[in-house]
Amino acid sequence: MTDWELERQPGIRFAEGEPVRVIRTVRNDGSFPGFDKGDVLVEAGTCGEVRSYGYFLQTQVIFQVYFPEVNRVIGIRETELIRADLPWVPCTLYSLDKARLTKSLTIKGEPLASKGDLIEVKRSWRDLEDGSLTYEVACGEYVFKLDASVLEAVHDSL
34 MTDWELERQP GIRFAEGEPV RVIRTVRNDG SFPGFDKGDV LVEAGTCGEV
84 RSYGYFLQTQ VIFQVYFPEV NRVIGIRETE LIRADLPWVP CTLYSLDKAR
134 LTKSLTIKGE PLASKGDLIE VKRSWRDLED GSLTYEVACG EYVFKLDASV
184 LEAVHDSL
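Position in the sequence shown (first residue = 1) + 33 = my numbering.
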């Protein structure tokens with residue numbers, strides 16, 4: 034057991050000194066000095082170290098995370114962090130993107146979609162405990178979640 038595992042407070046996911054990974058690209062909301070509103074502060078997948086934590090409006094845990102790759106300390110919501118040692122699967126599909134199936138889909142033995150078919154992505158879901166990535170997709174009258182490995186991005190050529 035590491036020191037940061039022993040120092041974790043009850044109900045707080047990460048302790049000071051614990052390595053973490055940000056799961057979304059973080060942009061300046063206007064509160065980070067020296068950058069324009071909307072500028073990227075840190076890219077999704079970047080690892081950092083928890084410095085401390087506090088609360089926003091007494092309901093949201095905000096971690097102060099140092100990202101050595103960009104030499105910045107940034108306030109990150111608890112729901113935007115996973116442990117740094119978890120496998121990283123980048124999110125490549127977003128709402129309304131088209132994706133190609135890498136496997137056929139069936140429901141109760143009945144074919145629903147074939148390998149290679151295009152389907153629409155509704156949103157992405159990152160499990161904060163194991164780091165896995167799933168996509169909510171629409172296929173015919175059904176909406177369900179698929180593991181990221183079952184989909185590949187489709188890039189339109191202009």
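All C-beta atoms in this analysis are idealised placements derived from N, C-alpha and C, irrespective of residue type, glycine included.
Spanning the alpha carbons of Thr58 and Pro52 requires a straight line of approximately 17 Å.
Pro52: member of the beta strand (DSSP E) spanning Pro52 to Val55, first to last residue. If you check the CB distance, Ile56 and Ile115 come in under 8 Å.
By alpha-carbon distance to Asp150, the top candidate from Arg105, Ala186 and Lys178 is Ala186. Setting aside the 5 residues that flank it on each side, Leu138 is surrounded in the same chain by Leu145, Ala146 and Cys172, each with a C-beta closer than 7 Å to its C-beta; the list follows chain order. Excluding the 5 residues flanking it on each side, Thr79 has same chain C-beta neighbours closer than 8 Å at Arg54, Val55, Phe100, Glu102 and Val103, in chain order.
Residue pairing for Val94: DSSP places it in a beta bridge opposite Tyr88.
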